[in-house]
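Student: In full-length UniProt numbering, the protein residues as written are 1 to 202.
Yeah, the Cβ is synthetic: ideal placement off N, Cα and C, and Gly gets one too.
Note that the structure is a prediction, hence the values are computed from the model and not measured.
1) From 164, 156, 169 and 166, pick the residue whose C-alpha is nearest to that of residue 43; which is it?
2) Name the one or two DSSP bridge partners that residue 23 has.
3) Taking the C-alpha atoms as reference points, what is the distance between residue 78 and residue 57?
4) For the stretch 85-99 against the stretch 67-75, are there 3 or more C-beta pairs whose distance is under 8 Å?
5) Going by the beta-carbon positions, is the gap between residue 29 and residue 181 smaller than 7 Å?
6) Would you call residue 131 buried or exposed, if buried means 16 or more other Cβ atoms sit within 10 Å of its Cβ?
7) Specify, as a first and last residue, the run of the beta strand (DSSP E) that residue 12 falls within.
8) Looking at the structure shown, is residue 69 part of a helix, part of a strand, or coil, going by DSSP?
9) When burial is assigned at 16 or more other CB atoms within 10 Å of the CB, is residue 128 buried or exposed?
10) If you run the structure through DSSP and keep just helix, strand and coil, what is residue 175?
11) Which value, in whole angstroms, describes the spacing of the CA atoms of residue 16 and residue 59?
12) From residue 163 to residue 87, what distance separates their C-alpha atoms?
13) Output the boundary residues of the alpha helix (DSSP H) element that contains residue 120.
14) For residue 12, I'd like the list of residues in its chain whose CB is within less than 6 Å of its CB, leaving aside the five on either flank, ordered along the chain.
15) How would you write the range of the beta strand (DSSP E) that residue 62 sits in, first residue to last?
16) Provide the residue(s) that pair with residue 28 in DSSP beta bridges, ordered along the chain.
17) Suppose contacts are defined by Cβ-Cβ distances below 7 Å. Is residue 39 in contact with residue 25 by that definition?
18) Please state whether DSSP places residue 49 in a helix, a strand or coil.
Structure representation (structure tokens):
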């Protein structure tokens, strides 16, 4: 299956104007249940969403979007999210503001990709506590019937959710790697939407 055809198949979801949209559900968590595929979705920036895309997003039941980008990123690219009726946008920045300068990040990855990736992951986790509290609170409060939510800066957060649910490490790794496929439509653009890192982002 080609990358482009894969984008129209699960776990990917089509929302016009938004790239790398997919559910983080559908994985086996233990012998008795499967993670709900209609509860949490991950994506790139939604500021480019079309009117059709808004209808598709609402049809999924998404009424809450967590944007984990820093103010630095939003201001630099002038990509503030919002403007979708009946959807709450919750800004919970993750990461140090200065760490998201694209030129500095690219240089770091060119010098040592593995070291840069590990540093990014560490800094994300070190600054993510307030964001994680905001994201996980709906799960504890609404439990069964919680309304679907959508996440930005999603790689590590999605992995944490799946880990807490008991999903196998191999499936978590596979889910993380799917971002390479999800970002294919943005390849070659000067500013790939929500490109957290040159090769793997969410």
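Tutor: In short:
1) Working through the chain shown from its first residue, we reach residue 43 at position 43. That would be 156, whose Cα lies nearest to the Cα of residue 43.
2) What you label residue 23 is simply residue 23 of the chain shown in a count that begins at 1. DSSP, once it has assigned bridges, lists 41 as partnering residue 23.
3) For the purposes of this step, residue 78 is taken as the residue at position 78 of the chain shown. For the purposes of this step, residue 57 is taken as the residue at position 57 of the chain shown. The straight-line gap from Cα to Cα measures roughly 22 Å.
4) yes
5) Sequence index remark: in the chain shown, residue 29 carries index 29 (1-based). Sequence index remark: in the chain shown, residue 181 carries index 181 (1-based). Not a contact, by the Cβ cut-off of 7 Å.
6) The residue given as residue 131 occupies position 131 in the chain shown. Result: buried.
7) Position 12 of the chain shown, counted from the start, is the residue given in the question as residue 12. Counting along the chain, residue 12 falls outside any beta strand (DSSP E), and DSSP gives it neither H nor E.
8) Position 69 of the chain shown, counted from the first residue, corresponds to residue 69. Looking at residue 69 - three-state DSSP - the assignment turns out to be coil, as it is neither helix nor strand.
9) In the chain shown, counting from the first residue as 1, residue 128 sits at position 128. Classification of residue 128: buried, given that the 10 Å Cβ count is 16 or more.
10) One-based indexing of the chain shown puts residue 175 at position 175. Residue state, collapsed to three classes: helix.
11) Residue 16 sits at position 16 when you count from the first residue of the chain shown. Residue 59 sits at position 59 when you count from the first residue of the chain shown. Whole-angstrom Cα-Cα distance: 13 Å.
12) Numbered from its first residue, the chain shown carries residue 163 at position 163. Numbered from its first residue, the chain shown carries residue 87 at position 87. Distance between the alpha carbons of residue 163 and residue 87 is about 27 Å.
13) The residue given as residue 120 occupies position 120 in the chain shown. Where residue 120 is concerned, the enclosing alpha helix (DSSP H) stretches over 113-127.
14) Sequence index remark: in the chain shown, residue 12 carries index 12 (1-based). Same-chain partners within the cutoff: 22.
15) As a first step, residue 62 must be located in the chain shown, where it is residue number 62. No beta strand (DSSP E) contains residue 62, which DSSP labels as neither H nor E.
16) Locating residue 28 in the chain shown gives position 28, counting from the first residue. DSSP lists 34 as partners of residue 28.
17) Taking the chain shown and counting its residues from 1, the one referred to as residue 39 is at position 39. Taking the chain shown and counting its residues from 1, the one referred to as residue 25 is at position 25. Yes, the Cβ-Cβ distance between residue 39 and residue 25 is below 7 Å.
18) Against the chain shown, residue 49 aligns to sequence position 49. Coil.
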